[in-house]
Amino acid sequence: MSEAGDDPRRRIPRTDTLLALPEVSAAVEAVGADSVGAVVRDAQARARAGEITPEDVVAEVLATLPRRAASLRPVINATGVVVHTNIGRAPLSAAAVEAIVAASGYVDVELDLSTGQRAPRGAGAIAALLSAVPEAGGALVVNNGAAALVLATTALAAGREIVVSRGELVEIGDGFRLPDLIASTGARLREVGTTNRTSLQDYARAIGPQTGCILKVHPSNFRVEGFTSSVSLAELATLGPPVVFDAGSGLLRPDPMLPEEPDLATALAAGADVVTCSGDKLLGGPQAGIIVGRAEVVQRLRRHPLARALRVDKLTLAALEATMRGPVTPVAAALHCDLERLRSRAVTLAAALGLGEDSVVEVSGRVGGGGAPEVPLPGFAVALPEQCAKTLRTGDPAVLARVEKGRCLIDLRCVPPEQTEALTEAVRRALTGTS
Ligand SMILES: *Cc1c(COP(=O)(O)O)cnc(C)c1O
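Sequential numbering from 153 applies to the sequence shown in the numbering used here.
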């Protein structure tokens, strides 16, 4: 007797039946046929393998439907580290997000609509930079901080020498080192001084007709203490060759809370010819490399062939302009958040979780992302058992906590109020899952 009629595999719903389900066809519309098709095939394969019953296939498909077309998953940042490279550095302001959406279609990025003529690309973002930093004669936006530095050093010193202190030849992260980056431009590094001390005479002795520029780098992710000396921008500016300053973190003007962090306005006033920084660190905007400086030097950079290869897209220009013109950025809000408010939010979270006040602990947050390593950011966190960290990280929504001294710390500094409820629920689930 044939068993075929009883084979449970015959009861597995067919692909076209599954694709016709309203939720599934809506998902195809939203995220595309490929990823939805993969979910459907996967559920059918599991049923064929006997891992689920044929009757479970529909529920399995519905439970695993992809919700987004891209695989990047939003993360709630409970680490207390404001600019965290591994989770995308600066979160954008609502104004910046809106600007990105508005710029995502056809947009007048290089067109003057009143004349119908071609217009300079990204004029709005550049105007915003120049009004935020009036000390600058010109401004230019490129792909990232490293690109800004490469463009400046290539345009000013390719085939010649860049004079730089040995104490400033830093690794900027993920194995990328400034000396290698600069060597890739075709300029030669002329290192002066020592790791801890460099004097004006060290620079002066190295300068000659072969000098393309002097480079000063803000060593943003480490600090040399003790017997140290370095030469100020104002002194370097007396030497003659153009001075390029890599400020790193992107403060536009001084911030009293970050007294050691350089800012573009002060660096230009001190005599730097070109200052470069990142858009997505303390500036709180999209990934970008910002170049400000004397008008004729910036124009030289803009005209260099490499500038075309380092060009930013319209979305970046839109987000950057909105970041600078718009309201307080999430990065600034997290850096300057009120200590008492931070404590009361932690107490409220602990109470919502049924934890005592003793679970609220003092912690030190960080700026992160190669910014202000020496500045502690005093704050408060809710301490949980260490194993909660993994449950939270792999949960939905994904929550990144800080693990320290055998505890999982939930720091609300970088959690905007509208995420508090989702965070509370995620932590509640993690606590029941791991207790
Ligand atoms: C972060 C940093 C860079 C690199 O900037 P990206 O935007 O990451 O390319 C270069 N120099 C310094 C001093 C930095 O802090």
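Built from N, CA and C at the ideal position, the CB exists for glycine as well.
Can you tell me whether residue i is buried or exposed? The criterion is at least 16 other CB atoms within 10 Å of its CB, across all chains shown.
| i | result |
| --- | --- |
| residue 328 | exposed |
| residue 409 | exposed |
| residue 491 | exposed |
| residue 532 | buried |
| residue 398 | buried |
| residue 381 | exposed |
| residue 258 | exposed |
| residue 557 | exposed |
| residue 517 | buried |
| residue 401 | buried |
| residue 233 | buried |
| residue 185 | exposed |
Taking the alpha-carbon positions, what's the residue i to residue j distance?
| i | j | result |
| --- | --- | --- |
| residue 504 | residue 494 | 15 Å |
| residue 405 | residue 417 | 5 Å |
| residue 163 | residue 202 | 12 Å |
| residue 273 | residue 242 | 24 Å |
| residue 489 | residue 565 | 7 Å |
| residue 245 | residue 573 | 20 Å |
| residue 254 | residue 247 | 11 Å |
| residue 448 | residue 278 | 15 Å |
| residue 428 | residue 169 | 57 Å |
| residue 224 | residue 563 | 23 Å |
| residue 310 | residue 435 | 29 Å |
| residue 287 | residue 476 | 16 Å |
| residue 458 | residue 376 | 34 Å |
| residue 167 | residue 552 | 37 Å |
| residue 469 | residue 172 | 41 Å |
| residue 297 | residue 177 | 43 Å |
| residue 265 | residue 250 | 21 Å |
| residue 231 | residue 513 | 14 Å |
| residue 260 | residue 204 | 53 Å |
Could you pull out every residue in the same chain whose Cβ sits closer than 7 Å to the Cβ of residue i, ignoring the five residues on either side in sequence?
| i | result |
| --- | --- |
| residue 363 | 312, 313, 315 and 393 |
| residue 411 | none |
| residue 555 | 538 and 541 |
| residue 509 | 499 and 502 |
| residue 320 | 368, 369 and 371 |
| residue 391 | 355, 356, 359 and 366 |
| residue 473 | 251, 276, 277 and 280 |
Between the Cα of residue i and those of the options, spot the shortest distance and give me the residue it belongs to.
| i | options | result |
| --- | --- | --- |
| residue 582 | 569, 560 and 565 | 560 |
| residue 161 | 197, 169 and 170 | 197 |
| residue 528 | 535, 534 and 515 | 515 |
| residue 575 | 341, 228, 391 and 217 | 228 |
| residue 368 | 211, 389, 379 and 360 | 389 |
| residue 543 | 204, 511, 218 and 584 | 584 |
| residue 303 | 441, 571 and 485 | 441 |
| residue 452 | 305, 413, 475 and 376 | 305 |
| residue 578 | 568, 549 and 570 | 549 |
| residue 467 | 183, 262, 178 and 301 | 262 |
| residue 535 | 471, 506 and 307 | 506 |
| residue 323 | 373, 282 and 183 | 373 |
Excluding the 5 residues flanking residue i on each side, which residues of the same chain have their C-beta closer than 6 Å to its C-beta?
| i | result |
| --- | --- |
| residue 332 | none |
| residue 195 | 209, 212 and 213 |
So residue i and residue j are supposed to be a Cβ contact under 8 Å. How far apart are they, rounded?
| i | j | result |
| --- | --- | --- |
| residue 325 | residue 445 | With a Cβ gap of about 25 Å, residue 325 and residue 445 do not count as contacting. |
| residue 350 | residue 344 | 6 Å |
| residue 395 | residue 424 | 5 Å |
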